[in-house]
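Chains as they are written, first to last, in the numbering used here: chain A, 69 to 324; chain B, 362 to 658. By construction, the Cβ of each residue, glycine as well, lies at the ideal position given by its N, Cα and C atoms. What you are looking at is a predicted structure, and each value in this text was computed from that prediction instead of being measured. Single-structure report; data block below.
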Ligand SMILES: Cc1cc2nc3c(=O)[nH]c(=O)nc-3n(C[C@H](O)[C@H](O)[C@H](O)COP(=O)(O)OP(=O)(O)OC[C@H]3O[C@@H](n4cnc5c(N)ncnc54)[C@H](O)[C@@H]3O)c2cc1C
Ligand SMILES: Cc1cc2nc3c(=O)[nH]c(=O)nc-3n(C[C@H](O)[C@H](O)[C@H](O)COP(=O)(O)O)c2cc1C
């Protein structure tokens, strides 16, 4: 599939490090699927749409910095949607989001809301100003926040909020965020016998986005994050590389 | 139906091989392909030092086939040797290697030899990494020299992968003189694609290599000419996605086929092709050996 040209129609500052780029096309994706965003002359990187016509991006390196320099009227190339996305099921769901990991979960709770599914969200960030999509999560259901510095909600990792919940009370659990956070979620859902009912959106180095190059294959299953994922059941991730290491652009193992 | 085949010094359970650079970056990925029916698997090409590869887009699907400019990303043989070791066990594992000269090829071969791969495939044909691959593979003298040095360094079979040249026979003969156990034809064909909305070449590296159905007739011609001129085995690669494609290559003279781009549609492609070949042979009461080179008229 060739990249489609997309014009930036609006840019919204969400937090000091995160911006949303609205595009003049409908991405037509299921929440949790992703698109490859081609920033010309720089790189092509994976992003999970945060609205039907937008991506929400945290500035972390070369390509995301180049994207942050683009203005309304500039354009990028879009290839996708790619991957499986989240599967919505049950009557009551729990979400655990960290940082920019809230991007694919916000559209999920909106779809859930439309289906009258009860939603509880635990949202974490470094500090209050970095909490993403607070309003969207709050209007879709119950929201509890956590910040590292205690500037909003619970002081400490968002996963500590799980201690007070009966995880078995939910039909399905969803998580996206830093891998350290998600790997703690996996431990806890495993303990509660809920691993098979928990869906994680993984971040791995994605190059081709077509399941051909093998860059994003995970150990020991060999499953490809780009086309077999990026959403995996907790059961698939137990005793895998998840939470322990990932591979960089050259294929070298990097400890998390 | 018995599809066991002797190819370039290896015995395979069937004549379908995973092509280099596709799902070959980790042991887990190679093993997954083996479990889906491949007769052998080839690793991603590995070199002396880590390379991140070219910036994206690195792979594009067009109506005419795939274009890639991965840029030979690899973690170096120092790191990859562990992956190679772990990949062994299911089916023969072929280590694809590259370098900028004979000495580098020797260094990588010796480094990976510790993991006892079943064979080496010399990438003398990648079209989009300057100073590597095709730059060397167009020069018969260099091809002979590199084949010789690797052949002397290791005890397992050495295959030489060729670019789609007009004078492919000349280069194939050089590989044979250097002691190659088989030649593999072909690697991707230099190509590009331009985005008309923006005017930019789409691949991050601007030019890359064409693969998939579009290059099958080119690859067939190469295999046909090589089989007629060489005494060593020829392995066909380029656009194989069905048993018919595989039979075409075998009729042109191929001992086996490698499959790359077709895993996009289905990772079961190896099993499906083996099944189709078996049915074809059964119907005619023929063996693979009977069919090999029948198109050489
Ligand atoms: C399925 C998926 C969905 C994603 N969705 C979002 C999103 O909605 N919003 C968001 O801000 N980020 C998202 N990311 C992460 C985002 O792709 C990376 O932050 C981005 O690629 C970094 O590029 P860079 O050049 O700015 O950073 P670099 O300087 O290249 O690297 C910074 C970090 O980003 C990682 N990274 C770099 N390139 C890639 C790549 N091609 N694939 C995966 N990781 C890479 C590196 O491992 C490194 O840790 C997603 C990642 C995946 C896999
Ligand atoms: C994404 C991609 C990466 C590749 N990487 C390598 C490589 O590292 N070494 C190599 O010798 N060939 C490489 N190739 C070429 C293939 O092994 C094969 O020769 C070519 O794709 C033609 O076969 P196909 O039409 O079945 O894909 C690569 C091809 C693709 C599509």
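Just verifying my parser: in three-state terms, what is the DSSP assignment at residue i?
| i | result |
| --- | --- |
| residue 206(A) | helix |
| residue 653(B) | coil |
| residue 552(B) | strand |
| residue 152(A) | coil |
| residue 661(B) | Lying outside 362 to 658, the shown extent of chain B, residue 661(B) is not represented and no answer is given. |
| residue 313(A) | strand |
| residue 459(B) | coil |
| residue 160(A) | strand |
| residue 424(B) | coil |
| residue 172(A) | helix |
| residue 474(B) | helix |
| residue 408(B) | coil |
| residue 482(B) | strand |
| residue 191(A) | strand |
| residue 387(B) | coil |
| residue 576(B) | helix |
| residue 184(A) | coil |
Around the C-beta of residue i, are 16 or more other C-beta atoms found within 10 angstroms, so that it is buried, or is it exposed?
| i | result |
| --- | --- |
| residue 425(B) | exposed |
| residue 176(A) | buried |
| residue 372(B) | exposed |
| residue 232(A) | exposed |
| residue 104(A) | buried |
| residue 648(B) | exposed |
| residue 393(B) | buried |
Is there a Cβ from chain A that is less than 8 Å from the Cβ of residue i?
| i | result |
| --- | --- |
| residue 665(B) | Missing from the structure shown is residue 665(B); chain B here goes from 362 to 658 and no further. |
| residue 645(B) | no |
| residue 633(B) | no |
| residue 473(B) | no |
| residue 555(B) | no |
| residue 423(B) | yes |
| residue 624(B) | yes |
| residue 476(B) | no |
| residue 584(B) | no |
| residue 386(B) | yes |
| residue 577(B) | no |
| residue 561(B) | yes |
| residue 658(B) | no |
| residue 461(B) | no |
| residue 454(B) | no |
| residue 383(B) | yes |
| residue 605(B) | no |
With 8 Å as the threshold, decide whether the Cβ of residue i is near any Cβ in chain B.
| i | result |
| --- | --- |
| residue 304(A) | no |
| residue 244(A) | no |
| residue 320(A) | yes |
| residue 121(A) | no |
| residue 134(A) | no |
| residue 294(A) | no |
| residue 288(A) | yes |
Curious, which full-length alpha helix (DSSP H) runs of at least 4 residues does the region 69–143 of chain A contain? Runs of the alpha helix (DSSP H) inside the region 69–143 of chain A: 130–137.
Start-end ranges of the beta strand (DSSP E) lying completely within the region 218–304 of chain A, minimum 3 residues: 240–244, 266–269 and 299–301
Evaluate contact between the region 525–545 of chain B and the region 592–612 of chain B, counting only Cβ atoms and requiring at least three cross-stretch pairs below 8 Å. yes
Considering only residues of the region 603–655 of chain B, which uninterrupted beta strand (DSSP E) runs meet the minimum length of 3 residues and lie entirely inside it, listed in chain order? The qualifying runs are 617–620.
Segments assigned alpha helix (DSSP H), at least 4 residues, entirely inside the region 498–547 of chain B: 501–514 and 529–538
Taking three-plus beta-carbon pairs below 8 Å as touching, is the region 607–614 of chain B in contact with the region 423–437 of chain B? Because the criterion of three Cβ pairs below 8 Å is not met, the region 607–614 of chain B and the region 423–437 of chain B do not touch.
With a threshold of 8 Å, are at least 3 pairs of Cβ atoms found where one atom belongs to the region 233–242 of chain A and the other to the region 397–411 of chain B? No, they do not touch.
Flag this pair as touching only if the region 284–303 of chain A and the region 413–420 of chain B have three or more C-beta atom pairs under 8 Å; answer yes or no. no
Could you say if the region 474–485 of chain B and the region 444–453 of chain B meet the contact criterion of at least three C-beta pairs nearer than 8 Å? yes
Would you be able to state if there are at least three C-beta pairs under 8 Å between the region 626–644 of chain B and the region 568–582 of chain B? Contact fails between the region 568–582 of chain B and the region 626–644 of chain B, because fewer than three Cβ pairs, one in each stretch, are under 8 Å apart.
Meets three-Cβ-pair contact criterion under 8 Å: the region 120–136 of chain A and the region 266–281 of chain A: no
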